[in-house]
Amino acid sequence: MTRSIGKLKFELMNSRLLLLLFAGLLSLGQLEINAQEDVFEVKKDGDKYRIEMNGKLFTEYITKGYNKPVLYPIIGPHGVSMTRNYPFKEVKGEATDHIHHSSLWFTHGEVNGISFWHNGEKTGKIIPTEVVRAKGGRFASIVTKNNWNGPDGKTICTDRTSIRIFKTPKGAMISYGVTVHASEGDVKFGDTKEGSMGIRTHPNLRLSNGKGVTTANGKAVNSSGHKDKQLWGKRAKWVDYWGKIDDHTVGVAIFDHPNNPRHPTWWHARDYGLIAANPFGIHNFEGKKKGVGDMTIKKGEKISFLYAFLFHEGDAESADIAGTYDRWVEAIANMRARAGNK
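Just so you know, the sequence shown maps onto residues -15 to 326 in my numbering.
Structure below.
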């Protein structure tokens, strides 16, 4: 099934809307961000941008070397690393499978028939062409323009990626927005489970051991009430994985915004630590005919996605993931209403 998505536009990219978003969070008292503190610094370091929170590394935005831009490492509560180290480095006790699972990223496994999900000579690459903004302060902001190039180097489409990082009482939150533009011609995101907004967690947050991992103790739940291995292929507004790392119970929740195409999304959520929001791979997830999940962006049109990652202490209940999701959605709705009144 092919769809045109010209009317689905949800862009959080200009600075006025960004400021309204954080004003909305503050005015609602929802995430209790301290507007008086400049807690973030963003520093360019070669092909990456180092993002510090309160003078300590939180993450780095890496623009080259991994087929697509990625965030690595991600330092969560109590200073623990929340994502797998491989393929950036090999660490004892971690699996070295799926080299393309690079910490935290956005891409897809079938774009005009080309895989941007995997690595290799016959795969596509997402190439940053411009860093529009790299700034710290009350929150960190990275905004880039990117080309999605095929194996022959020709651009298939472009995107504008907007990453915001801020503190909440529940933990650090990454807002990750992507607007894909069919700048060169029609673009079809194909029906495959290999996509799209993904993270590969620390091995302790895995649901099961294997491939050299012996420390898995993770648990998982989604907004629909499915647990652990039941999450794969199910639709949900959010998912949460948690477990003990260095004697601390920590977790990561991933939010799918209601304005995203086909919300609530399906989840390519595995027991070995891969968690990916994927609105396209319907035939894999529901056993339907191949192609039912295809989505076409007509030339000149755009499609937008917005996700959030919350790196929190405790389990899904103690971290109030359900309530935090609702407050996140309400804050953005408040922001959009304010923007409409300007």
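Beta carbons: idealized from backbone N, C-alpha and C, even for Gly. Because the structure is a prediction, the values reported are computed rather than measured.
Collapsed DSSP secondary structure at residue i in the structure displayed
i      : result
Gly155 : strand
Tyr256 : coil
Val75  : coil
Glu94  : coil
Thr308 : helix
Lys203 : strand
Arg68  : coil
Val162 : strand
Gly121 : strand
His267 : helix
Ile332 : There is simply no residue 332 to check, as the chain begins at -15 and stops at 326 in what is shown.
Gly8   : Low per-residue confidence applies at Gly8: pLDDT is 48, beneath 50, and the placement is therefore not dependable, though the value from the model is reported in the following sentence. Three-state DSSP puts Gly8 in a helix.
Lys32  : strand
Ala323 : helix
Lys211 : strand
Asn188 : helix
Val127 : strand
Ala315 : helix
Pro53  : coil
Whole-angstrom C-beta distance between residue j and residue i, which should lie under 8 Å
i      : j      : result
Gly77  : Thr198 : 7 Å
Pro135 : Gly108 : 7 Å
Phe123 : Ile149 : 6 Å
Leu55  : Leu88  : 4 Å
Ile126 : Tyr256 : Going by Cβ atoms, the distance from Ile126 to Tyr256 rounds to 29 Å, so no, they are not a contact pair.
Ala118 : Lys28  : 7 Å
Gly203 : Asp212 : A small correction: the amino acid at residue 203 is Lys; Gly does not occupy that position in the sequence shown. Correct: roughly 6 Å between the Cβ atoms.
Between the CA atoms of residue j and residue i - distance to the nearest angstrom
i      : j      : result
Asn164 : Asn193 : Correcting the residue identity first, residue 164 is Val in this sequence and not Asn. If you take the alpha carbons of Val164 and Asn193, they lie about 37 Å apart.
Gly13  : Val162 : For Gly13, the predicted model reports a pLDDT of 44, less than 50, meaning its position is unreliable; a value from the coordinates is still stated below. Each residue's alpha carbon lies about 27 Å from the other.
Gly324 : Ala315 : 14 Å
Asn243 : Ile229 : 34 Å
Trp312 : Glu301 : 17 Å
Gly196 : Ala79  : 6 Å
Ile59  : Gly209 : 28 Å
Thr139 : Gly49  : 18 Å
Trp216 : Arg254 : 6 Å
Ala19  : Gly120 : At Ala19 the pLDDT is 47, less than 50, meaning the model places this residue with poor confidence and gives no usable figure here.
Glu178 : Ala260 : 9 Å
Lys52  : Phe90  : 8 Å
Ala317 : Tyr309 : 12 Å
Glu25  : Pro57  : 16 Å
Gly284 : Leu290 : 20 Å
His232 : Leu191 : 17 Å
Asn201 : Met181 : 24 Å
Residues sharing a beta bridge with residue i, DSSP
i      : result
Met37  : Phe24 and Lys40
Leu294 : Met157 and Ala237
Val223 : Asn206 and Ile238
Glu114 : Lys129
Lys228 : Thr233
Residue i CB to nearest heavy atom of the ligand NAP below 6 Å
i     : result
Gly60 : This structure lacks the ligand NAP; in fact it carries no ligand of any kind.
Quiz item: Is the region 168 to 175 touching the region 94 to 101, taking contact as three or more C-beta pairs under 8 Å?
Solution: Flag = yes, the region 168 to 175 and the region 94 to 101 touch.
Practice problem: For the region 281 to 300 and the region 149 to 157, state whether three or more C-beta atom pairs, one from each stretch, are separated by less than 8 Å. | Solution: Touching, per the Cβ criterion.
Self-check item: the region 298 to 314 touching the region 216 to 236, judged by at least three CB pairs closer than 8 Å
Solution: Result yes; three or more Cβ-Cβ pairs closer than 8 Å.
Quiz item: Is it true that the region 139 to 147 meets the region 110 to 128, where meeting means three or more beta-carbon pairs spaced less than 8 Å apart?
Solution: Enough Cβ pairs lie closer than 8 Å, so yes.
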